[in-house]
Amino acid sequence: MLVLLDRDGVINEDRTDFVKTPDELIFIPGALKAIAALNTHGHLVAIVTNQSCIGRGIITTETLTNIHGKLLQSLAAVGGKIDHIFFAPDAPWEATENRKPGAGMFYSAMAMFRYKPRNTVLIGDTKRDIQAAAKAGCHRILVQTGKGTATQQDGFEPDLLPVSVAKNLAQATDYILEGRFST
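Numbering (the working numbering), first residue to last: 1229 to 1411.
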């Protein structure tokens, strides 16, 4: 399975003012070990993240690389890895198909790793994540961390269903390892 992860609100705490430095990247408890468990069971893991802070001029691509360096080092310390990080630097007013709810990053990931949508699952915390996964035809798991609880309360249009709901990335990982997510 190819597992696509949103970053903010899934792996690390979501910030209203963006993650601007490696020190501001605070991991959600259990998230790194969950990724390592996916790796151990042979799943490919990629991040698909909107990073409009670049398009807004808040941080540079170099700063984002440093932030992701902390993520990769912290993950390696628990025996995990990310196979690739896809990011959309687009500001909302200059959105391309890569910026979620566009599915460009999903198509790129599936092409890179040669996976079909039926063998790909997205774990995210916003409606934008779910919309992008639905456009790409991928399985969808919403986590209740980050903006997930509010997203769940807002509900989903019928064309976005089915969506499995998990407490956090650790529980979503259990769903994948046990084959217990909506298809």
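All residues carry an ideal CB built from backbone N, CA and C; glycine is no exception.
Exposed is the label assigned to His1269, since fewer than 16 other Cβ atoms lie within 10 Å of its Cβ.
Apart from the 5 residues on each side of it in sequence, Cys1281 sits with its Cβ closer than 6 Å to the Cβ of Phe1246, Ile1287 in its chain, given in chain order.
Taken in chain order, the whole alpha helix (DSSP H) runs of length 4 or more contained in the stretch 1254–1278 are 1259–1268. Under the 10 Å beta carbon count, Gln1279 is surrounded by 16 or more other beta carbons and is classified as buried.
For Pro1329, same chain residues with a beta-carbon under 6 Å away, outside a window of 5 residues either side, are Arg1356, Gln1359, Ala1360 in chain order. For Asn1294, same chain residues with a beta-carbon under 7 Å away, outside a window of 5 residues either side, are Pro1250 in chain order. By the 16-neighbour rule on beta-carbons within 10 angstroms, Lys1375 is buried.
Residue Gly1283 holds the alpha-carbon nearest to the alpha-carbon of Ala1319 among Asp1236, Gly1283, Lys1395.
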